[in-house]
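Quick mapping for you: the protein sequence lines, in order, are chains A and B. Position 180 of the first sequence, counted from 1, bears residue number 180 in UniProt numbering, the numbering being contiguous throughout. Position 31 of the second sequence, counted from 1, bears residue number 31 in UniProt numbering, the numbering being contiguous throughout. Just below is one structure, and these are the notes that go with it.
There are 2 protein chains.
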Amino acid sequence: MDMNAQQRANSGTDGHNLRPEDLAAVARLPLFCDLSPALLAEITVEASVTKYARNDIIFRQGDIPNALRVVLDGQVGLTGTIADGGETMVEILKAGEMFIPAAVLTEKPFLMSAVALQPSRILSLPGERFRRDVREKSDLAYVMLTSLSRHFRSLVREVKDLKLKSAAQRLALYLIGLTTKREGSTIVRLPHSKSVIAARVGVRPETLSRAFSHLKGQGVVVDGNAVSIADIPALRAYCHEGEEII
Amino acid sequence: MDMNAQQRANSGTDGHNLRPEDLAAVARLPLFCDLSPALLAEITVEASVTKYARNDIIFRQGDIPNALRVVLDGQVGLTGTIADGGETMVEILKAGEMFIPAAVLTEKPFLMSAVALQPSRILSLPGERFRRDVREKSDLAYVMLTSLSRHFRSLVREVKDLKLKSAAQRLALYLIGLTTKREGSTIVRLPHSKSVIAARVGVRPETLSRAFSHLKGQGVVVDGNAVSIADIPALRAYCHEGEEII
DNA sequence: GGGAACACTTGACGTTGGTCAACTCATCTA
DNA sequence: TAGATGAGTTGACCAACGTCAAGTGTTCCC
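Here it is, written out as structure tokens:
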């Protein structure tokens with residue numbers, strides 16, 4: 001929770017703020033891997049890497065964004081808060097994912113706070129520079145556009161699920177999102193605490209607990225943070241996954 | 001509901017499919033007004049205008065997108081459907097608004113169906129051509145990026161509201177979105193039927209009715225499709241509008 | 001080893017919103 | 001004018017989820 005716990009982790013050498021291994025990590029990101037090495041080097045000239053401890057606040061809802069962020073390592077949660085104390089997890093990001101592009105591009109206050117759910121290393125691309133790069137380098141603009149489009153579609157799915165599906169169905173969707181397989185049975189490890197998952201799914205922890213026992217009827221067995229799914233297609237059917245396309 | 005009710009409304013003259021008055025209308029759109037006339041003319045070379053009657057389906061969830069659409073006149077609703085019969089209105093668009101950029105850019109199936117809520121004229125920018133234009137013309141890419149960013153943020157707000165606010169609060173937010181004033185009292189006309197508004201707010205029509213009577217306590221009086229709001233700031237306070245920034 | 005702190009679960013109960021049915025009212029049509 | 005139709009409202013009831021409280025580990029720390 002302590003903003004001061006964060007540490008700069010730069011080592012400026014060649015006029016570039018990034019260490020070579022960080023630059024290499026950035027180049028491997030699905031987000032930027034289509035960019036030419038020259039362009040990549042250029043847009044990261046002013047970039048820096050910051051470390052955050054678990055529960056450190058990266059920024060707060062309402063702040064003005066000063067940099068586009070990319071998770072290099074760890075986990076970041078984006079939580080929305082309203083005045084009467086309500087709080088929810090809008091998104092959970094893992095290594096390789098970019099966040100808050102929309103706030104940086106529009107220069108509007110954050111709609112969410114960001115908190116490190118695990119010790120994390122975060123890349124910052126300063127906003128002023130980034131906006132200029134996007135305006136001037138059409139390859140970058142195109143990459144951002146496709147990335148934001150994909151992200152946009154996942155939010156549309158989220159809105160539909162919130163409006164149309166039950167808590168147990170949304171939990172099932174979340175579990176399916178954790179598996180890599182599409183058939184048969186599997187065991188997945190929950191990557192977050194159950195209270196974090198509850199906030200992500202959009203229910204209270206008590207309700208999450210009940211949703212899990214509800215899913216026993218669908219062949220889902222929980223033991224600590226290990227979840228065994230007996231029949232993946234059956235679970236997909238239960239939450240109508242993939243059936244949205246009528 | 002009849003796909004065949006739509007009519008092509010083109011009149012090709014100068015190798016351009018658009019009538020001059022349609023081109024002028026496009027140039028006035030907040031979306032494209034920052035583009036140079038030359039660029040605008042270029043991206044609209046293959047554009048066409050289609051008319052739809054009330055309740056015509058413009059496309060269906062699951063279809064592969066073939067063109068970016070812009071509402072020139074009328075109203076369009078985007079509805080999401082799930083397999084067990086549930087349906088909800090994710091968005092309602094009015095004249096001047098673009099839709100489905102994300103599906104066109106990613107070439108993925110629509111997550112929603114589009115229906116004309118009023119007799120409407122819709123501009124189509126063919127997908128193949130549009131994707132090429134976005135890749136080659138950086139001004140266009142930048143405009144799309146800022147537009148999609150704004151849109152993205154409104155969806156984030158939507159997710160937060162769905163997770164954290166009551167039906168009556170979401171209705172109040174919807175009503176506030178209809179007013180232009182920020183203070184005092186006002187009377188707004190509901191631009192859609194109440195069943196459409198119910199789907200938009202994310203409740204059943206019966207619940208919308210009850211939410212309206214609930215809002216009487218906040219100075220909201222309904223008479224047909226005229227809604228009088230006695231105290232706009234009080235209504236904003238009721239649904240915590242603008243207080244998200246803690 | 002004792003106990004404080006935390007995460008999670010379970011039960012009892014209240015509130016919100018969905019469901020079903022009846023009813024009103026306006027519009028449209030024969 | 002009578003009847004049909006559709007939108008909206010209202011009431012009774014129910015299911016889903018939130019709230020509050022108690023209870024069970026588990027971990028951590030002295």
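The beta carbon of each residue, even a glycine, is placed where N, CA and C say it ideally should be.
(message) Just checking: is the beta-carbon of Met98 (chain A) within a distance shorter than 7 Å of some beta-carbon in chain B?
(response) In the first sequence, the residue the question calls residue 98 (chain A) occupies position 98. Using a Cβ-Cβ cut-off of 7 Å, Met98 (chain A) does not count as an interface residue toward chain B, since no Cβ of chain B sits closer than that to its own.
(request) Using a Cβ-Cβ cut-off of less than 8 Å, list which residues of the region 229–240 of chain A approach chain B; keep chain order. (result) Flagged, chain order: His240.
(message) Just to make sure I have the definition right: I need the residues of chain B whose C-beta is within less than 8 Å of the C-beta of Arg153 (chain A). Which are they?
(response) Counting from one through the first sequence, the residue named residue 153 (chain A) turns up at place 153. Neighbours of Arg153 (chain A) in chain B, taken as residues at a C-beta separation under 8 Å, are given in chain order as Ala102, Ala103, Thr106, Lys108 and Leu111.
(request) Taking 7 Å as the cut-off, decide whether the C-beta atoms of Ala167 (chain B) and Tyr238 (chain B) are in contact. (result) In the second sequence, the residue the question calls residue 167 (chain B) occupies position 167. In the second sequence, the residue the question calls residue 238 (chain B) occupies position 238. With contacts defined as CB atoms closer than 7 Å, Ala167 (chain B) and Tyr238 (chain B) fail to qualify as a contacting pair.
(request) Give me the Cβ distance between Val156 (chain B) and Val90 (chain A), rounded to the nearest whole Å; I'm assuming they're in contact under 8 Å. (result) For the purposes of this step, residue 156 (chain B) is identified with residue 156 of the second sequence, where counting begins at 1. For the purposes of this step, residue 90 (chain A) is identified with residue 90 of the first sequence, where counting begins at 1. That pair is a contact at about 6 Å.
(request) Give the single residue among B:Asp22, B:Arg54, B:Ser193 and B:Leu40 whose Cα lies nearest to the Cα of Ala226 (chain B). (result) For the purposes of this step, residue 226 (chain B) is identified with residue 226 of the second sequence, where counting begins at 1. With distances taken between Cα atoms, Ala226 (chain B) lies closest to B:Ser193.
(request) Sort out for me which residues DSSP pairs Ser113 (chain A) with in a bridge. (result) Residue 113 (chain A) sits at position 113 when you count from the first residue of the first sequence. Its beta-bridge partners are A:Thr79.
(request) Keeping to the same chain, check which residues put their C-beta closer than 6 Å to that of Ala95 (chain A); ignore five residues upstream and five downstream. (result) As a working mapping, residue 95 (chain A) is identified with position 95 in the first sequence. So the list reads Val71 and Asp73, once near-sequence residues are dropped.
(request) Name, going along the chain, the residues of the region 80–96 of chain B whose beta-carbon falls closer than 7 Å to a beta-carbon of chain A. (result) Of all residues in the region 80–96 of chain B, the ones placed with a Cβ closer than 7 Å to any Cβ belonging to chain A are Gly80, Thr81, Ile82, Ala83, Asp84, Gly86, Thr88 and Val90, in chain order.
(message) Using CA atoms only, rank isn't needed, just tell me which of B:Phe59, B:Gly86, B:Gly85 and B:Ala67 is closest to residue 318 (chain B).
(response) No statement about residue 318 (chain B) is possible, as the shown extent of chain B runs from 1 to 246 and does not include it.
(message) Short of 8 Å in beta carbon distance, which residues of its chain neighbour Ser36 (chain B), apart from the five on each side in sequence? Order them along the chain.
(response) Along the second sequence, read from residue 1 onward, the residue named residue 36 (chain B) stands at position 36. The answer, listed in chain order, is Asp139.
(request) To the nearest angstrom, report how far apart Met112 (chain A) and Leu18 (chain B) are at their CA atoms. (result) Translated into positions along the first sequence, residue 112 (chain A) becomes position 112. Translated into positions along the second sequence, residue 18 (chain B) becomes position 18. Each residue's CA atom was taken as its position, placing Met112 (chain A) and Leu18 (chain B) some 42 Å apart.
(request) Please classify Glu241 (chain A): is it buried, with 16 or more other beta-carbons within 10 angstroms of its beta-carbon, or exposed? (result) Counted from its first residue, the first sequence places residue 241 (chain A) at position 241. Buried, because 16 or more other Cβ atoms sit within 10 Å of the Cβ of Glu241 (chain A).
(request) Using the Cα positions of Asp63 (chain A) and Lys108 (chain A), report the straight-line distance between them to the nearest angstrom. (result) Locating residue 63 (chain A) in the first sequence gives position 63, where the first residue counts as 1. Locating residue 108 (chain A) in the first sequence gives position 108, where the first residue counts as 1. Whole-angstrom Cα-Cα distance: 9 Å.
(request) Report buried or exposed for Arg182 (chain B), applying the criterion of at least 16 other Cβ atoms within 10 angstroms of its Cβ. (result) The count along the second sequence starts at 1 and reaches residue 182 (chain B) at position 182. By the neighbour-count rule (16 or more Cβ atoms within 10 Å), Arg182 (chain B) is not buried but exposed.
(message) Relative to the C-alpha of Ala80 (chain A), which candidate in B:Gly80, B:Phe110, B:Arg153 and B:Cys33 has its C-alpha closest?
(response) Sequence index remark: in the first sequence, residue 80 (chain A) carries index 80 (1-based). Checking the sequence shown, residue 80 (chain A) turns out to be Gly, not Ala. With distances taken between Cα atoms, Gly80 (chain A) lies closest to B:Arg153.
(request) Would you mind reading off the limits of the beta strand (DSSP E) that contains Thr106 (chain A)? (result) Position 106 of the first sequence holds residue 106 (chain A). According to the DSSP assignment, Thr106 (chain A) belongs to no beta strand (DSSP E) but to the alpha helix (DSSP H) extending over Pro101 to Thr106.
(request) Spell out whether any CB of chain B is found under 7 Å from the CB atom of Leu175 (chain A). (result) Looking up residue 175 (chain A) in the first sequence gives position 175. Look at Leu175 (chain A): its C-beta is not under 7 Å from any C-beta on chain B.
(request) Give the DSSP-derived three-state secondary structure of Ser185 (chain A) in the structure shown. (result) The count along the first sequence starts at 1 and reaches residue 185 (chain A) at position 185. Judged by DSSP in its simplified three-state form, Ser185 (chain A) adopts coil rather than helix or strand.
(request) For Pro20 (chain A), count neighbouring C-beta atoms within 10 Å of its own C-beta (all shown protein chains included) and say buried if the count is 16 or more, exposed if not. (result) Your numbering for residue 20 (chain A) matches position 20 in the first sequence. Answer is exposed; the Cβ neighbour count stays below 16.
(message) Using a 10 Å radius around the Cβ and a threshold of 16 neighbouring Cβ atoms, would you call Thr186 (chain A) buried or exposed?
(response) Counting from one through the first sequence, the residue named residue 186 (chain A) turns up at place 186. Of the other Cβ atoms in all chains shown, 16 or more fall within 10 Å of the Cβ of Thr186 (chain A); this residue is therefore buried.
(message) By alpha-carbon positions, which one of A:Ile197, A:Arg69 and A:Val221 ends up nearest to Ser120 (chain A)?
(response) For the purposes of this step, residue 120 (chain A) is taken as the residue at position 120 of the first sequence. Here the closest residue by C-alpha is A:Arg69.
(request) Please report the residue range of the beta strand (DSSP E) in which Pro126 (chain B) lies. (result) Taking the first residue of the second sequence as 1, we reach residue 126 (chain B) at position 126. First-last of the beta strand (DSSP E) with Pro126 (chain B): Ser120 to Pro126.
(message) Can you look up Val45 (chain B) in the DSSP assignment and give me helix, strand or coil?
(response) Along the second sequence, read from residue 1 onward, the residue named residue 45 (chain B) stands at position 45. Correct three-state label for Val45 (chain B): coil.
(message) Could you give the first and the last residue of the continuous beta strand (DSSP E) run that contains Val220 (chain A)?
(response) On the first sequence, position 220 is the one that residue 220 (chain A) refers to. It spans Val220 to Asp223 - the beta strand (DSSP E) in which Val220 (chain A) sits, taken as one unbroken run.
(request) Determine the chain A residues that contact Glu158 (chain B) at a beta-carbon separation under 7 Å, and present them in chain order. (result) The count along the second sequence starts at 1 and reaches residue 158 (chain B) at position 158. Those are Val159, listed as they occur along chain A.
(request) Please report how far the alpha carbon of Arg150 (chain B) lies from the alpha carbon of Thr180 (chain B), in whole angstroms. (result) Along the second sequence, read from residue 1 onward, the residue named residue 150 (chain B) stands at position 150. Along the second sequence, read from residue 1 onward, the residue named residue 180 (chain B) stands at position 180. Arg150 (chain B) and Thr180 (chain B): Cα-Cα distance of roughly 19 Å.
(request) Would you mind stating whether Leu145 (chain A) and Ala67 (chain A) have Cβ atoms separated by less than 7 Å? (result) As a position in the first sequence, residue 145 (chain A) is number 145, starting the count at 1. As a position in the first sequence, residue 67 (chain A) is number 67, starting the count at 1. No, the pair does not count as a contact, with Cβ atoms beyond the cut-off.
(message) Please classify Lys216 (chain B) as buried or exposed, where buried requires at least 16 other C-beta atoms within 10 Å of its C-beta.
(response) Taking the second sequence and counting its residues from 1, one reaches residue 216 (chain B) at position 216. Its Cβ having fewer than 16 others within 10 Å, Lys216 (chain B) is exposed.
(request) Would you kindly report the start and end of the unbroken alpha helix (DSSP H) that includes Arg150 (chain B)? (result) Along the second sequence, read from residue 1 onward, the residue named residue 150 (chain B) stands at position 150. Per DSSP, the continuous alpha helix (DSSP H) segment holding Arg150 (chain B) begins and ends at Ser138 to Leu164.
(request) From the DSSP output, read off the bridge partner residues of Val194 (chain B). (result) In the second sequence, counting from the first residue as 1, residue 194 (chain B) sits at position 194. In the sequence on display, residue 194 (chain B) carries Lys and not Val. Partner(s): none; Lys194 (chain B) has no beta bridge.
(message) Among B:Pro233, B:Leu105 and B:Lys160, whose alpha-carbon lies nearest the alpha-carbon of Ala141 (chain B)?
(response) Start at 1 with the first residue of the second sequence, and residue 141 (chain B) comes out as number 141. The candidate whose alpha carbon is nearest that of Ala141 (chain B) is B:Leu105.
(message) For Thr207 (chain A), would you say it is in contact with chain B, using Cβ-to-Cβ distances shorter than 7 Å as the test?
(response) Position 207 of the first sequence, counting from 1, holds the residue named residue 207 (chain A). With 7 Å as the cut-off, Thr207 (chain A) does not count as an interface residue toward chain B.
(request) Measure the CB-CB distance between Gly86 (chain B) and Leu164 (chain A) and report whether it falls below 7 Å. (result) What you label residue 86 (chain B) is simply residue 86 of the second sequence in a count that begins at 1. What you label residue 164 (chain A) is simply residue 164 of the first sequence in a count that begins at 1. Against a cut-off of 7 Å, the Cβ pair of Leu164 (chain A) and Gly86 (chain B) comes out as a contact.
(request) Look up Ala226 (chain B) in the DSSP assignment and say whether it is helix, strand or coil. (result) Looking up residue 226 (chain B) in the second sequence gives position 226. When secondary structure is reduced to three states using DSSP, Ala226 (chain B) falls in the strand class.
(message) With H, G and I counted as helix, E and B as strand and the rest as coil, what does DSSP make of Ala95 (chain A)?
(response) Sequence index remark: in the first sequence, residue 95 (chain A) carries index 95 (1-based). Ala95 (chain A) falls in the coil class under three-state DSSP.
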